[in-house]
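There are 2 protein chains.
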Amino acid sequence: MGADPHGFKPHIARVEKKLTEQPSATDEKPEAPAPRPLRVDAQRNRDKLVEVAAQAFAADGVDASLEEIAKRAGVGIGTLYRHFPTREHLVEVVYRREVEGLCHAAEELARDHPADAALELWMQRFVDYIATKRGLATSLRLLLTTNSTLFSDTSGRVSGAMRGLVEAAAASGKIRADVDASDVMHALGGIYSAPNTPDWRERSGRLVKLLMDGLRFGARG
Amino acid sequence: MGADPHGFKPHIARVEKKLTEQPSATDEKPEAPAPRPLRVDAQRNRDKLVEVAAQAFAADGVDASLEEIAKRAGVGIGTLYRHFPTREHLVEVVYRREVEGLCHAAEELARDHPADAALELWMQRFVDYIATKRGLATSLRLLLTTNSTLFSDTSGRVSGAMRGLVEAAAASGKIRADVDASDVMHALGGIYSAPNTPDWRERSGRLVKLLMDGLRFGARG
DNA sequence: CACTAAAGCGGAGGCGCCTCCGTTTATTTA
DNA sequence: TAAATAAACGGAGGCGCCTCCGCTTTAGTG
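So the protein lines, in turn, are chains A and B.
Counting with the working numbering, you get residues 1 to 221 for the letters of the first sequence.
Counting with the working numbering, you get residues 1001 to 1221 for the letters of the second sequence.
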């Protein structure tokens, strides 16, 4: 995006296909007839593709070239399309992975740090997450309105993770006890809706610090 | 869409550009410094493009080939892109034109027919409009969330036109007087949200007739 | 009418999308 | 271990997107 003077930059939404059928990353429903667990090479390629795609989308936005992604993952374009029949499939998987990572980070941070530090670090991580989300903005907006499962899924998980951290911090006395997790989430809303200036990241960082000061103020600990 | 086995069918939303700057079909703001009224040949080409595009979108959906549209309009692809720098611009103009037509039809029908017939005919026309809107579904959804002016503009105009017809019919005694235009609009909602079956059109036609029977029931006239 | 600047035109060219199918490879079976 | 087979691979090919810029047409001006 920028180093691509002749690039292919369509500007339209064209999504008609297959959005009903979910990729379903963590599908362990007891009813599933175990659809055969992907050959090891296939799984390896798939993972590599997702990883490379995540980088590419972060760097170039959703318009990143799929052919380039395939190449960088060391597979043919055909392989990419077999795993992800549409661009959305790939975007969705990358996004879900991002959410997964964010929730996982919450557990990890909670284990390795004092409750208030864990919360603060997590919020900084949340800023990165939002940054990605903004990169994918248009696609995501469409995906989230088309595919309501995705929306409820992810927003539920994220706010759940945050709730856990806030409550733990409150319980440990590291932050004041009279706040609700949803209030904190609401405060973070400012990050999301803030204008897309170049200094957005620093601003957001400061917002998080400020918020933490507020949370620590008058804490028991 | 179908007669295009090797066609270019991306499936992603890529809209970043120029959606702020409105095409503004009917821009007559007193502040505008009159941006020079388009050379006659240019205007002719532009009109032709919009007309052809309207047909193409109706026939093939928003994925209709822009090169094909340019060709059928008898201009080069470059001309199309000069007038409509992105596909959305074209979609938006076509859509606004559709809305315009619908509102204009309301006046015309009101002039040429008894009030109740005018309303019924207009509602049948409304079915066509919705059909178009469905054809453009994904693009429109994105456009309407991105560009809130477009939304308020058009929905306001359409419901205004309908209100006029309903009130005229009620005043003339051709339909019962105890209904509100917004109720009728609400009833028509069924058309929009109905599943996209092949017999959708007939169903909608019957819905309109049914609705008219309900409206005529117990009328003074 | 001749001239000229500005406006408009249009298509070649370069790139990305995505399908199709012959080839390669992992896994199962003998 | 070898043969058989299903799964996966990958890239050529065909098509649409969109920019760029030399050529054409229009609308003024003297």
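Glycine included, C-beta positions come from ideal geometry on N, C-alpha and C.
Environment of residue i [buried if 16+ CB atoms lie within 10 Å]
i: SER1148 (chain B); result: exposed
i: SER204 (chain A); result: buried
i: ARG1220 (chain B); result: exposed
i: THR138 (chain A); result: buried
i: LEU38 (chain A); result: exposed
i: VAL1040 (chain B); result: exposed
i: LYS1029 (chain B); result: For LYS1029 (chain B), the predicted structure reports a pLDDT of 40, less than 50, and the residue's modelled location is therefore unreliable. A value from the coordinates is still provided. Exposed, by the Cβ-count rule.
i: ASP112 (chain A); result: exposed
i: ALA73 (chain A); result: buried
i: ALA64 (chain A); result: buried
i: LEU210 (chain A); result: exposed
Residues near residue i in its chain [Cβ-Cβ closer than 8 Å; skip 5 each side]
i: LEU140 (chain A); result: VAL91, TYR95 and LYS133
i: GLY1214 (chain B); result: none
i: VAL179 (chain A); result: VAL166, ALA170 and LEU215
Within chain B, the residues that residue i reaches when beta carbons sit closer than 8 Å
i: THR276 (chain A); result: In this structure chain A extends from 1 to 221, so residue 276 (chain A) is not present and cannot be described.
Beta-carbon gap between residue i and residue j smaller than 8 Å
i: HIS1083 (chain B); j: ARG1046 (chain B); result: yes
i: VAL1099 (chain B); j: THR1154 (chain B); result: yes
i: VAL50 (chain A); j: VAL93 (chain A); result: yes
i: ALA1131 (chain B); j: SER1172 (chain B); result: no
i: LEU66 (chain A); j: ARG87 (chain A); result: yes
i: ALA1177 (chain B); j: ALA1170 (chain B); result: yes
i: ALA1056 (chain B); j: ARG1097 (chain B); result: no
i: GLY218 (chain A); j: LEU207 (chain A); result: no
i: ARG216 (chain A); j: VAL127 (chain A); result: no
7 Å Cβ shell around residue i - same chain, five flanking residues per side excluded
i: MET185 (chain A); result: SER159 and MET162
i: ILE165 (chain A); result: Looking at the sequence shown, residue 165 (chain A) is not Ile but Leu. The residues are ALA106, ALA110, ALA118, LEU119 and TRP122.
i: LEU143 (chain A); result: GLU88, VAL91, GLU92 and LEU150
i: ARG157 (chain A); result: VAL99 and CYS103
i: TYR1192 (chain B); result: ILE1130
i: ALA1058 (chain B); result: THR1132 and GLY1135
i: SER152 (chain A); result: none
i: LEU1080 (chain B); result: LEU1049, LEU1066, ILE1069 and ALA1070
i: ALA1187 (chain B); result: LEU1211
i: THR197 (chain A); result: none
Residue i Cβ short of 7 Å to the ligand GDP heavy atom set
i: TYR1095 (chain B); result: Inclusion of the ligand GDP in the displayed structure is not the case, the ligand content being empty and no account of it being possible.
Sequence-distant residues of its chain with Cβ nearer than 6 Å to residue i (five each side left out)
i: ILE1077 (chain B); result: GLU1067 and ALA1070
i: MET1212 (chain B); result: GLU1120
i: ARG1125 (chain B); result: ALA1105
i: ILE1175 (chain B); result: ASP1116, ALA1169, LEU1215, ARG1216 and ALA1219
i: ASP199 (chain A); result: none
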